[in-house]
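Chemist: Residue numbers (our numbering), protein chains in the order written: chain A, 369 to 672; chain B, 6 to 240.
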Amino acid sequence: MLELFVYGIVFGSIISLGAIGLTLVFGIIRFANFAHGDLMSIGAYIALFMVTGLLAWIGVPDTTFGSLSFGWRMLIAFPVSMTVVGGMAIAADRILYRKLRQKGSGAVMLAMSSLGVAFIIRMLILIFWGADSLFYKPGLLRPAVELPLGVKIRPDQILILILVLGLVIGLHLFMQKSKMGKAMRATADNMELALVSGIDTERVIILTWGIGGALAAAGGILYGIDVQVHAYMGWNFLIPLFAATILGTIGNMWGALVGGLVIGVVQQVSTAFLMPTYKPAVAFMAMILILLIRPKGIFGGKQE
Amino acid sequence: MIILEATDITAGYTTEVNILNNVSIKLKSGKIVSVIGPNGAGKSTLLKTIFGILKPSTGNVTLSDEDITGLKPDKVAKRGISYVPQVDNVFPSMTIQENLEMGAFIRSDDFSQRIDEIYALFPVLGERRKQKAGQLSGGQRQMVAMGRALMLDPKVLLLDEPSAGLAPNLVDMIFEKIIDINKAGVSMIIVEQNAREALKMADHGYVLAMGKNVLDDTGDALLASEEVGRLYLGG
Numbered sequence: 369m370l371e372l373f374v375y376g377i378v379f380g381s382i383i384s385l386g387a388i389g390l391t392l393v394f395g396i397i398r399f400a401n402f403a404h405g406d407l408m409s410i411g412a413y414i415a416l417f418m419v420t421g422l423l424a425w426i427g428v429p430d431t432t433f434g435s436l437s438f439g440w441r442m443l444i445a446f447p448v449s450m451t452v453v454g455g456m457a458i459a460a461d462r463i464l465y466r467k468l469r470q471k472g473s474g475a476v477m478l479a480m481s482s483l484g485v486a487f488i489i490r491m492l493i494l495i496f497w498g499a500d501s502l503f504y505k506p507g508l509l510r511p512a513v514e515l516p517l518g519v520k521i522r523p524d525q526i527l528i529l530i531l532v533l534g535l536v537i538g539l540h541l542f543m544q545k546s547k548m549g550k551a552m553r554a555t556a557d558n559m560e561l562a563l564v565s566g567i568d569t570e571r572v573i574i575l576t577w578g579i580g581g582a583l584a585a586a587g588g589i590l591y592g593i594d595v596q597v598h599a600y601m602g603w604n605f606l607i608p609l610f611a612a613t614i615l616g617t618i619g620n621m622w623g624a625l626v627g628g629l630v631i632g633v634v635q636q637v638s639t640a641f642l643m644p645t646y647k648p649a650v651a652f653m654a655m656i657l658i659l660l661i662r663p664k665g666i667f668g669g670k671q672e
Numbered sequence: 006m007i008i009l010e011a012t013d014i015t016a017g018y019t020t021e022v023n024i025l026n027n028v029s030i031k032l033k034s035g036k037i038v039s040v041i042g043p044n045g046a047g048k049s050t051l052l053k054t055i056f057g058i059l060k061p062s063t064g065n066v067t068l069s070d071e072d073i074t075g076l077k078p079d080k081v082a083k084r085g086i087s088y089v090p091q092v093d094n095v096f097p098s099m100t101i102q103e104n105l106e107m108g109a110f111i112r113s114d115d116f117s118q119r120i121d122e123i124y125a126l127f128p129v130l131g132e133r134r135k136q137k138a139g140q141l142s143g144g145q146r147q148m149v150a151m152g153r154a155l156m157l158d159p160k161v162l163l164l165d166e167p168s169a170g171l172a173p174n175l176v177d178m179i180f181e182k183i184i185d186i187n188k189a190g191v192s193m194i195i196v197e198q199n200a201r202e203a204l205k206m207a208d209h210g211y212v213l214a215m216g217k218n219v220l221d222d223t224g225d226a227l228l229a230s231e232e233v234g235r236l237y238l239g240g
């Protein structure tokens with residue numbers, strides 16, 4: 369039971385990375401991005417391509433760090449994938465979503481077009497990599513260390529938690545202290561006034577997509593390290609992502625983090641009682657229950 | 006010397022319907038111009054057009070004899086005009102201090118002294134600088150909004166109904182602050198429903214109705230005018 373709780377925290381922290389990107393984008397352009405899960409997938413696959421393809425080809429050694437399941441190749445692939453997916457998210461906005469916004473398309477049109485983007489990404493993955501589950505390091509034994517109370521955790525998972533925490537703290541500092549981070553919050557608060565204050569809101573939107581895409585890629589890769597990489601992972605992530613975002617109050621970064629952890633824990637712990645196939649339903653049940661108590665989400669009503 | 010002039014402005018939110026038809030307005034350096042008129046006269050639209058939020062289909066806007074027609078708001082702000090919208094004029098989830106910082110977004114120099122000056126003008130803001138703007142009262146929000154607009158040290162300040170929704174004692178206080186700001190050398194165009202008060206502080210007043218210039222004269226002359234009194238000041 370406690371072990372499931374710990375696994376839930378690990379899984380939830382991965383969801384959080386996706387949910388934070390989703391909530392930031394929503395906060396600024398009021399846009400429910402259904403392609404966000406597939407941005408996580410493509411991030412995982414780009415890292416896979418580098419780890420097993422490109423970096424192997426140019427001769428980066430395949431050694432692993434200590435008891436972790438990955439080494440130099442992943443260390444290089446991780447930031448590269450984050451950058452590429454950040455760029456892809458920006459490109460999707462420039463090529464498609466911005467045009468729709470300028471033509472006055474409503475929220476439903478934008479959401480549907482992002483669903484189209486999601487399908488395109490998924491089909492590209494299927495074309496290039498097929499539908500099999502893949503691993504960054506196939507056939508590797510994954511030893512676990514034993515924590516007090518009999519909880520077994522893999523070194524990879526500890527690293528995932530540290531990395532997620534680091535990324536979230538980094539983002540928090542950026543949003544609170546830097547000029548562009550403050551401009552992002554200002555634009556989310558009141559885009560018209562941000563424009564009036566001379567803030568280049570298009571630049572803010574680009575930055576937001578970049579951060580959202582990069583975090584999604586990080587989440588996807590970490591899931592790949594923790595579990596496996598498969599073409600439908602992003603699609604499966606979509607429901608927990610939205611549940612976490614709504615649960616944590618849409619537009620609230622810390623809310624998305626807490627929401628992700630809640631959903632992760634609830635999903636994992638539920639497997640002690642229910643078939644794992646019911647996980648998405650459990651995520652939504654948790655969301656509905658919390659919304660019944662706090663209609664605007666856990667952090668709702670705090671801002672005004 | 007005329008610092009800001011809008012000439013023959015025709016503008017609207019869609020291309021089919023014009024809110025403003027050939028409206029002209031002049032602001033002399035260091036003075037206050039008040040624009041009054043009934044709801045829907047196009048007063049707010051005029052400010053938005055001057056500031057570049059709306060693009061006029063005809064007419065032009067000049068600042069110190071330089072044409073600024075059709076420039077985007079951030080460019081207009083760089084030239085020395087600041088604008089305070091009527092509603093939603095603060096960043097609610099950000100602190101007072103951060104609101105002021107956002108007002109200085111396009112400044113690349115050190116503006117900490119300017120922030121101190123704003124706190125000297127509105128001491129209550131200085132006491133609460135870490136408080137979120139969304140938690141403030143209406144009067145304090147209006148001060149934050151004006152403070153944000155003043156961060157760029159503008160030559161011209163455009164105020165859209167600064168007294169809207171405020172209790173009468175707060176209205177007096179805000180108007181006093183406006184006079185203080187003006188005395189510090191900022192020229193202003195004020196759009197107001199509270200026409201009598203607005204004309205009292207104005208050097209010059211314009212009456213708009215149905216998107217057209219109806220009357221313009223000194224503030225005192227408009228206050229004394231029987232027609233203005235009957236139609237726009239409520240008898």
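For every residue, glycine included, the Cβ atom is placed at its ideal position computed from N, Cα and C.
Just verifying my parser: in three-state terms, what is the DSSP assignment at H209 (chain B)?
Modeler: In this structure, H209 (chain B) counts as strand in the three-state DSSP scheme.
Chemist: Of the residues B:F116, B:Q102, B:P173, which one's Cα is nearest the Cα of G139 (chain B)?
Modeler: For the residues B:F116, B:Q102, B:P173, the minimum Cα distance to G139 (chain B) belongs to B:Q102.
Chemist: Alpha carbon to alpha carbon, how far is G386 (chain A) from L615 (chain A)? Give it in angstroms, no decimals.
Modeler: Rounded to whole angstroms, L615 (chain A) to G386 (chain A) spans 14 Å at the Cα level.
Chemist: With distance defined between alpha-carbon atoms, name the residue in A:G549, A:I410, A:I388 nearest to A486 (chain A).
Modeler: It is A:I410 whose Cα lies nearest to the Cα of A486 (chain A).
Chemist: Spatial neighbours of D461 (chain A) within its chain, please: CB distance less than 8 Å, with the 5 preceding and 5 following residues excluded, ordered by chain position.
Modeler: The answer, listed in chain order, is I573, I574, W577.
Chemist: Ends of the alpha helix (DSSP H) at Y237 (chain B)?
Modeler: Counting along the chain, the alpha helix (DSSP H) containing Y237 (chain B) begins and ends at 231 to 237.
Chemist: Beta-carbon separation of L372 (chain A) and A640 (chain A) under 8 Å?
Modeler: Yes; because the gap between Cβ atoms is below 8 Å, this pair is in contact.
Chemist: By Cβ distance, which residues of its chain are closer than 6 Å to T613 (chain A), with the 5 residues on each side in sequence left out?
Modeler: The answer, listed in chain order, is A387, L390, T391, A624.
Chemist: For Q671 (chain A), name the three-state secondary structure that DSSP assigns.
Modeler: Its pLDDT being 42, under 50, Q671 (chain A) is placed unreliably by the model, and nothing is read from it.
Chemist: Tell me Y88 (chain B)'s beta-bridge partners as DSSP assigns them.
Modeler: Looking at the DSSP assignment, Y88 (chain B) forms a beta bridge with B:L163.
Chemist: Measuring only the C-alpha atoms, how far is E106 (chain B) from Q118 (chain B)?
Modeler: So the two alpha carbons sit approximately 12 Å from each other.
Chemist: What residue range does the beta strand (DSSP E) around V22 (chain B) cover?
Modeler: Per DSSP, V22 (chain B) belongs to no beta strand (DSSP E) and is neither H nor E.
Chemist: Could you name the residues of chain A that F110 (chain B) contacts, counting a contact when the two beta carbons are closer than 7 Å?
Modeler: What F110 (chain B) touches in chain A: A551, S565, G566, I567.
Chemist: Within its chain, find whatever has a CB closer than 8 Å to the CB of L468 (chain A); leave out the 5 residues flanking it on each side and keep chain order.
Modeler: Same-chain partners within the cutoff: M477, L478, S481.
Chemist: Does any C-beta atom of chain A lie closer than 8 Å to the C-beta of K160 (chain B)?
Modeler: Closer than 8 Å: no.
Chemist: Could you give the DSSP three-state label for G17 (chain B): helix, strand or coil?
Modeler: It is coil, neither helix nor strand.
Chemist: Sorry if obvious, but does the Cβ on G75 (chain B) come closer than 7 Å to a heavy atom of the ligand GDP?
Modeler: As for the ligand GDP, it is missing from this structure, which has no ligand bound.
Chemist: Taking CB distances under 8 Å as the criterion, tell me whether A82 (chain B) reaches chain A.
Modeler: It does: the Cβ of A82 (chain B) has a partner Cβ on chain A nearer than 8 Å.
Chemist: Which word fits Q470 (chain A), buried or exposed, when buried means at least 16 other C-beta atoms lie within 10 angstroms of its C-beta?
Modeler: Under this definition Q470 (chain A) is an exposed residue.
Chemist: With a cut-off of 8 Å, does the C-beta of Y88 (chain B) fall near any C-beta of chain A?
Modeler: Closer than 8 Å to some Cβ of chain A, the Cβ of Y88 (chain B) qualifies, so yes.
Chemist: Against chain B, does E560 (chain A) count as a neighbour if the rule is that its beta carbon must be under 8 Å from one of theirs?
Modeler: So, interface residue.
Chemist: I need the DSSP call for V634 (chain A), collapsed to helix, strand or coil.
Modeler: Three-state result, V634 (chain A): helix.
Chemist: Short of 7 Å in beta carbon distance, which residues of its chain neighbour I567 (chain A), apart from the five on each side in sequence? Order them along the chain.
Modeler: If we look at I567 (chain A) and ignore the five residues flanking it on each side, its Cβ neighbours are A551, A554, T555.
Chemist: In chain B, which residues lie less than 7 Å from A321 (chain A) when you measure between Cβ atoms?
Modeler: The requested residue 321 (chain A) is not part of the displayed model; chain A covers only 369 to 672.
Chemist: Would you verify that the beta carbon of D557 (chain A) is, or is not, closer than 8 Å to some beta carbon of chain B?
Modeler: Answer yes: the Cβ-Cβ gap between D557 (chain A) and chain B drops below 8 Å somewhere.
Chemist: Whose Cβ in chain A lies nearer than 9 Å to the Cβ of E122 (chain B)?
Modeler: None at all; the shortest Cβ gap to chain A is about 18 Å.
Chemist: Does the Cβ of Y88 (chain B) have 16 or more other Cβ atoms within 10 Å, making it buried, or fewer, making it exposed?
Modeler: Counting Cβ neighbours within 10 Å, Y88 (chain B) comes out buried, since at least 16 surround it.
Chemist: Assuming the contact rule is C-beta atoms closer than 8 Å, Y591 (chain A) and I382 (chain A) should be a hit. Round their C-beta distance to whole Å, please.
Modeler: With a Cβ gap of about 5 Å, Y591 (chain A) and I382 (chain A) count as contacting.
Chemist: Any beta carbon of chain A sitting closer than 8 Å to that of D79 (chain B)?
Modeler: Closer than 8 Å to some Cβ of chain A, the Cβ of D79 (chain B) qualifies, so yes.
Chemist: Under a three-way DSSP split, which group does K53 (chain B) fall into?
Modeler: Looking at K53 (chain B) - three-state DSSP - the assignment turns out to be helix.
Chemist: In this structure, does DSSP put G389 (chain A) in helix, strand or coil?
Modeler: Helix at G389 (chain A).
Chemist: Listing by chain order, which chain A residues have their CB less than 7 Å from the CB of R146 (chain B)?
Modeler: Per Cβ cutoff of 7 Å: no residues; R146 (chain B) is ~12 Å from chain A at best.
Chemist: Quick check on this structure: which residue in B:V38, B:N218, B:M148 has the alpha carbon closest to the alpha carbon of V176 (chain B)?
Modeler: Of the candidates B:V38, B:N218, B:M148, the one whose C-alpha sits nearest the C-alpha of V176 (chain B) is B:M148.
Chemist: Considering only their Cβ atoms, is the gap separating L583 (chain A) from L535 (chain A) smaller than 8 Å?
Modeler: For L535 (chain A) and L583 (chain A), yes; Cβs fall inside 8 Å.
Chemist: Rounded to whole angstroms, what is the Cα-Cα separation between G549 (chain A) and S98 (chain B)?
Modeler: Each residue's Cα considered, the two are about 14 Å apart.
Chemist: I'd like the list of long-range same chain contacts for A445 (chain A), defined as Cβ closer than 6 Å, with 5 residues on each side in sequence excluded.
Modeler: Closer than 6 Å at Cβ, skipping near neighbours: A415, M418, V419.
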